[in-house]
């Protein structure tokens, strides 16, 4: 990682922690009588296979891009299969990145997880379908009944290209049409296709249900595209989006927005309660955001070699920080969209 970027992001987080120390996330939970934040049974294993991506999106909390080299090894993948086999309560394997499909172990992760009877989600950026070597990717995903959750931050070219780079929108539309041809996203199809919306700037997402209805109308009428669900996600004030906030002088305004819109009703549905996030190097975290900030699970560094199953993690206290206000503001935000 670029040391300058890492230092800048870390310094910004320290400023946020200091500035919001009097109304920190932990104290906010206590004040609303919804804390402390504790783990329940782990039902989802989220695997971040690395930071290599064919895009470099403005809002990316992973700081993924074409020049990143971090990549999950065969040894970590083999160990994950051992733990997954010993963790019957884990019913979902959620694979992310970077562009997870660019990892050499991606297809092995999918195939073996399906053999073990787990539901698999692919966090896809859509444009990866047109990368060299990805010609059969759609067919592979369909054959393994993989649920696709794909980023499409708007239904207009200008907004998508502003976040994801010139030409990203046209490629995304072509990819969605290809997935529709395979049966993904079609009414009553078991091949689930979900889209993800992120705000373009330092604002909260709009109402998820209303925006989903708008997306369906616009994509159907303009491009004859179908999908199942739209998930709205808040931009996390970390990594690349954090640098954007610093550059535009909006850090304090955005954090105030998140803090002032804290919604205690979202806490019971937070994804960190039932998820374990695994980094490309095998380290374990409470969520993907904590992973990017290297906030260890349980206050100490744990890896896939430190446990035999995920079953014993229930009841453990979840590590929190200032960025957690991003998951609890307004209708809430999680990998499955709004919480309320």
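In my numbering, the protein residues as written are 3 to 342. Positions of the beta carbon are idealized from the N, C-alpha and C atoms, including for glycine. Owing to the predicted nature of the structure, the values given are computational and were not obtained by experimental measurement.
(1) With a Cβ-Cβ cutoff of 9 angstroms, do residue 278 and residue 299 count as a contact?
(2) Within this structure, are the beta carbons of residue 286 and residue 309 separated by less than 9 angstroms?
(3) Measuring only the C-alpha atoms, how far is residue 162 from residue 42?
(4) Taking C-alpha atoms, which residue in 159, 305, 79, 178 lies nearest to residue 126?
(5) Three Cβ pairs or more, each shorter than 8 angstroms: is that satisfied between the segment 33–52 and the segment 87–100?
(6) Excluding the 5 residues preceding and the 5 following residue 143 in the sequence, name in chain order all residues of the same chain whose CB lies nearer than 7 angstroms to its CB.
(7) How far does the alpha helix (DSSP H) with residue 96 in it extend, from its first residue to its last?
(8) Do residue 78 and residue 97 have their C-beta atoms within less than 9 angstroms of each other?
(9) Would a C-beta distance cut-off of 9 angstroms place residue 333 and residue 209 closer than the cut-off?
(10) If you draw a straight line from the C-alpha of residue 23 to the C-alpha of residue 323, how long is it?
(11) Does the segment 267–276 come into contact with the segment 203–221, if we say contact requires no fewer than three beta-carbon pairs (one atom in each stretch) closer than 8 angstroms?
(12) Could you tell me whether the segment 231–240 touches the segment 289–297, using the rule of 3 or more Cβ pairs below 8 angstroms?
(13) If you check the beta carbons only, do residue 306 and residue 82 fall under 9 angstroms apart?
(14) Taking residue 207 as the reference, give the member of 263, 254, 312, 138 with the closest Cα.
A quick look at the data gives this:
(1) Their beta carbons are under 9 angstroms apart, which means residue 278 touches residue 299 by this criterion.
(2) Taking the C-beta atoms as reference points, residue 309 is found nearer than 9 angstroms to residue 286.
(3) Going by the C-alpha atoms only, they are around 37 angstroms apart.
(4) Considering only alpha carbons, the answer is 178.
(5) Under the 8 angstroms Cβ criterion, the segment 33–52 counts as touching the segment 87–100, having at least three qualifying pairs.
(6) These residues qualify, in order along the chain: 124, 150.
(7) Run containing residue 96: none in the alpha helix (DSSP H); it sits in the beta strand (DSSP E), 94–98.
(8) Cβ atoms of residue 78 and residue 97: not closer than 9 angstroms.
(9) Going by C-beta atoms, residue 333 is nearer than 9 angstroms to residue 209.
(10) Residue confidence is low: residue 23 scores 42 on pLDDT, short of 50, so the model does not pin down where it sits. Its coordinate-derived value is still stated next. Computed Cα separation, rounded: 10 angstroms.
(11) Between the segment 267–276 and the segment 203–221 there are fewer than three inter-stretch CB-CB distances shorter than 8 angstroms, so the stretches are not counted as touching.
(12) In this structure the segment 231–240 lies against the segment 289–297, because at least three pairs of beta carbons, one per stretch, are closer than 8 angstroms.
(13) Cβ atoms of residue 306 and residue 82: closer than 9 angstroms.
(14) Comparing Cα-Cα distances from residue 207 to each of 263, 254, 312, 138, the minimum goes to 263.
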